[in-house]
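Numbering (the UniProt record's numbering), first residue to last: 1 to 138. Report on one structure; see the data block that follows.
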Amino acid sequence: MLNKVAREPSSNDPGFRGSWFAGTVIRREANNPNRYVVEYDQLYEDESGEKLLQETLDWIQLRPPPPPPEKKKVQFKFGDEVEAFHSDDWWEGAITAEHSGGKFAVFLRGSKEQIVFEEKDLRLPVQWVKGKWEPRFE
Numbered sequence: 001m002l003n004k005v006a007r008e009p010s011s012n013d014p015g016f017r018g019s020w021f022a023g024t025v026i027r028r029e030a031n032n033p034n035r036y037v038v039e040y041d042q043l044y045e046d047e048s049g050e051k052l053l054q055e056t057l058d059w060i061q062l063r064p065p066p067p068p069p070e071k072k073k074v075q076f077k078f079g080d081e082v083e084a085f086h087s088d089d090w091w092e093g094a095i096t097a098e099h100s101g102g103k104f105a106v107f108l109r110g111s112k113e114q115i116v117f118e119e120k121d122l123r124l125p126v127q128w129v130k131g132k133w134e135p136r137f138e
């Protein structure tokens, strides 16, 4: 029996590539050990918001939640690769402009949008490689 495990699932659906959601693996598919049923923390099956969305994903689309940011404050700047929190999930993108008040314009690759974010809604991108977190861009 698989215990429920927090994960960040990604989506291959058009318009959602490069985004990471909060979710929980609730079980492994019986006929395919590389596929898991995930329940999203903040995505719902319909507009009523009564039942959380469940989806079956390949293991490659799942990663543990990244560690909390280091206590050292990151100094974001133009051109930095980032993940930005937008519409209940983290989107990969790049800073395209610096604004006053600690705000940054970010181009989100998956949705092809440019949105202004507060610094608190940005994090450095990391990747899960061979069982450990590594910076995505070095």
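All C-beta atoms in this analysis are idealised placements derived from N, C-alpha and C, irrespective of residue type, glycine included.
Does residue i pass the burial test, meaning 16 or more other C-beta atoms within 10 Å, or should it be called exposed?
i: tryptophan 133; result: exposed
i: serine 10; result: buried
i: glycine 131; result: exposed
i: valine 5; result: exposed
i: valine 106; result: buried
i: valine 116; result: exposed
i: tyrosine 36; result: buried
i: glycine 93; result: buried
i: proline 125; result: buried
i: asparagine 12; result: exposed
Of all the options the options, which has the alpha carbon lying nearest to the alpha carbon of residue i?
i: proline 135; options: Val82, Ser11, Pro9, Leu52; result: Val82
i: tryptophan 128; options: Leu122, Phe85, Trp59; result: Trp59
i: phenylalanine 104; options: Phe76, Gly49, Asp13; result: Phe76
i: glutamate 8; options: Val116, Glu55, Glu98, Glu50; result: Glu55
i: proline 64; options: Val38, Val74, Gly49; result: Val38
i: isoleucine 95; options: Gly101, Tyr40, Asn32, Leu122; result: Leu122
i: glycine 102; options: Gly93, Lys120, Lys112, Gly110; result: Lys120
i: arginine 109; options: Leu52, Val74, Ala84; result: Ala84
i: glutamate 118; options: Val74, Lys112, Ser111; result: Val74
i: leucine 62; options: Asn31, Arg27, Glu113, Ser111; result: Arg27
i: glutamate 98; options: Pro33, Pro68, Glu47, Asp80; result: Asp80
Looking at the strands, I want to know which residues DSSP matches up with residue i.
i: glycine 23; result: Arg7, Tyr40
i: arginine 35; result: Asp58
i: glutamate 134; result: Gln127
i: arginine 28; result: Tyr36
At least one CB of chain B closer than 9 Å to the CB of residue i: is that the case?
i: serine 100; result: Absent from the structure: chain B. Only one protein chain is present.
Open item on the list: Between the stretch 19-37 and the stretch 83-98, can you find at least three pairs of beta-carbon atoms closer than 8 Å?
Closed with: When Cβ pairs closer than 8 Å are counted between the two stretches, the stretch 83-98 is seen to touch the stretch 19-37, the count reaching three or more.
Task: Completely contained beta strand (DSSP E) runs for the stretch 42-125, where each covers 3 or more residues - done: 52-58, 81-86, 89-99, 103-108, 113-118
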